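Let me begin by presenting the structure, written as structure tokens, before commenting on it.
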Amino acid sequence: MNGLSDAPDAPDAPDALAVVMARSATDEWAALVGAAVLGTDRRPAPAPGPGWDAWNTATDPAEALLDRAAAVVVARRAGSCPQPAPAIEVPTAPTDARPPCPVACAARLGRLLAGEHDVLLPEWFARCEAAGVQLPWATLPALLLRGRRHPHLDAAVRRLARGRAAWLAEVVPELGVRPTPVPITDQSPPFAMPPAPPDSAALVTTIVTVFHERTATWAAARELALAAASIDPVWLPTLIAQLARIGFDPTIERTRREVLAAAEFRHAMLLEWSARPTYPSRPSDPIPGDPA
């Protein structure tokens with residue numbers, strides 16, 4: 044003999060105790076559950092197995108049972124191996140060769156969706172489609188959720204999103220989005236830009252006159268904002284300058300600030316679209332009244 048043994052080394056004492064405790068954890072748990080169900084008065088808990096006696100120090104049988112049960116629970120949870128994550132194959136989003144939406148325009152859409160001058164949302168979509176760029180994909184869930192109540196908006200979103208609307212409905216079913224467009228009925232609210240007036244200059248004069256005559260009450264704010272959204276964009280700077288010069292009057296100030304903010308918002312939005320990079324692949328369809 045050369046002093047070496049062919050047999051594997053015997054485990055150390057702590058390791059051997061751990062193996063014994065692991066094997067006896069199931070039996071220990073079953074014994075404790077049986078005593079807990081019947082009650083320690085009717086069925087006292089059996090003596091702890093090897094290694095479990097360290098938690099059997101309480102003098103009250105019920106308290107000792109709880110201490111031992113807590114130790115077994117911790118040991119069983121600590122020794123359990125995590126299950127492998129289920130293999131879920133998520134289909135790849137459809138490719139989109141269009142350029143991404145400019146950052147400033149995407150941020151403007153976020154403000155529109157938050158309710159800031161949302162009367163201009165149809166014009167934002169028209170500009171995006173004419174520019175030939177992608178929708179800001181981070182806003183697609185919110186747009187599709189809003190489209191459930193507005194079929195015409197849903198149609199516009201899906202037209203710009205192309206196949207990604209159906210893809211999102213498939214990979215995130217809990218979103219509650221339809222894979223197909225929402226049916227359009229006669230009662231569906233419209234989603235379109237306000238009709239252009241025959242004479243934008245005359246409409247600007249009318250808007251300003253209403254404020255000078257102090258008849259622009261808050262009840263007319265929505266109608267006046269729609270008027271500001273309909274005029275030829277080249278007249279927006281004139282409208283903004285005229286509204287900014289009107290003196291303070293408590294009867295019209297709230298309406299003036301609202302219409303002025305809407306006009307400034309639209310003017311800034313159009314400037315952002317006109318400042319977008321020129322992509323070779325984008326459509327060249329012009330929009331009437333483009334300030335660019």
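In the numbering used here, the protein residues as written are 44 to 335.
Yeah, the Cβ is synthetic: ideal placement off N, Cα and C, and Gly gets one too.
Please read all numbers here as calculations on a predicted model, not as lab measurements.
- The three-state reading of DSSP puts leucine 152 in helix, counting H, G and I together.
- About 14 Å separates the beta carbons of threonine 252 and threonine 298, which is beyond the 8 Å limit, so they are not a contact pair.
- For valine 76, the closest C-alpha among the options Pro194, Ala173 and Val116 is that of Val116.
- In the DSSP assignment, glutamate 172 falls within the unbroken alpha helix (DSSP H) covering 164-174.
- Residue state for glutamine 177 is assigned as coil, using DSSP reduced to three classes.
- Straight-line measurement puts the Cα of proline 127 at about 31 Å from the Cα of glycine 94.
- Every candidate beta strand (DSSP E) stretch fails here, since none sits fully inside the stretch 187-249 while reaching 3 residues.
- DSSP places phenylalanine 308 in the uninterrupted alpha helix (DSSP H) bounded by 296-317.
- When only Cα atoms are considered, proline 280 and threonine 135 end up about 46 Å apart.
- Straight-line measurement puts the Cα of phenylalanine 168 at about 14 Å from the Cα of tryptophan 180.
- No residue range can be given for arginine 257, since it is assigned to no alpha helix (DSSP H) and is classified by DSSP as neither H nor E.
- By the CB criterion at 8 Å, valine 162 and alanine 239 fall outside the cutoff.
- By the Cβ test, the stretch 243-250 is not in contact with the stretch 209-226, since fewer than three Cβ pairs between them sit closer than 8 Å.
- Contact between valine 302 and leucine 267 holds, with the beta-carbon distance rounding to 5 Å and staying under 8 Å.
- One Cα belongs to alanine 262, the other to glutamate 296, and the distance between them is close to 13 Å.
- In the assembly as shown, isoleucine 250 is a buried residue. Its beta-carbon has 16 or more other beta-carbons within 10 Å.
- The three-state secondary structure of glycine 82, taken from DSSP, is coil.
- DSSP places glutamate 159 outside any alpha helix (DSSP H), giving it a letter other than H or E.
- The C-beta distance from glycine 206 to proline 137 rounds to 4 Å, short enough to meet the 8 Å contact threshold.
- Assignment of valine 76 by DSSP, reduced to helix, strand and coil, places it in the helix class.
- Nearest Cα to cysteine 144 within the set Thr182, Ala118 and Leu188: Thr182.
- Excluding sequence positions up to five before and after valine 176, its CB lies within less than 6 Å of the CB of Arg141, Pro142 and Cys144, all in the same chain and listed in chain order.
- Within the same chain, Cβ atoms closer than 6 Å to the Cβ of proline 89 are found at Ala74, the five residues on either side in sequence being excluded.
- Here alanine 208 is actually not in contact with isoleucine 227; their C-beta atoms are around 15 Å apart, not less than 8 Å.
- The beta carbon of leucine 186 sits closer than 6 Å to those of Val200, all from its chain and outside the five residues before and after it, given in chain order.
- In this structure, arginine 170 sits near tryptophan 316, with a CB-CB distance shorter than 8 Å.
- In terms of CA proximity to alanine 204, Glu172 leads the group Asp96, His193, Arg111 and Glu172.
- Contact between alanine 78 and arginine 119 fails: their C-beta atoms lie close to 17 Å from each other, not under 8 Å.
- By the C-beta density criterion, isoleucine 131 is exposed, having fewer than 16 other C-beta atoms within 10 angstroms.
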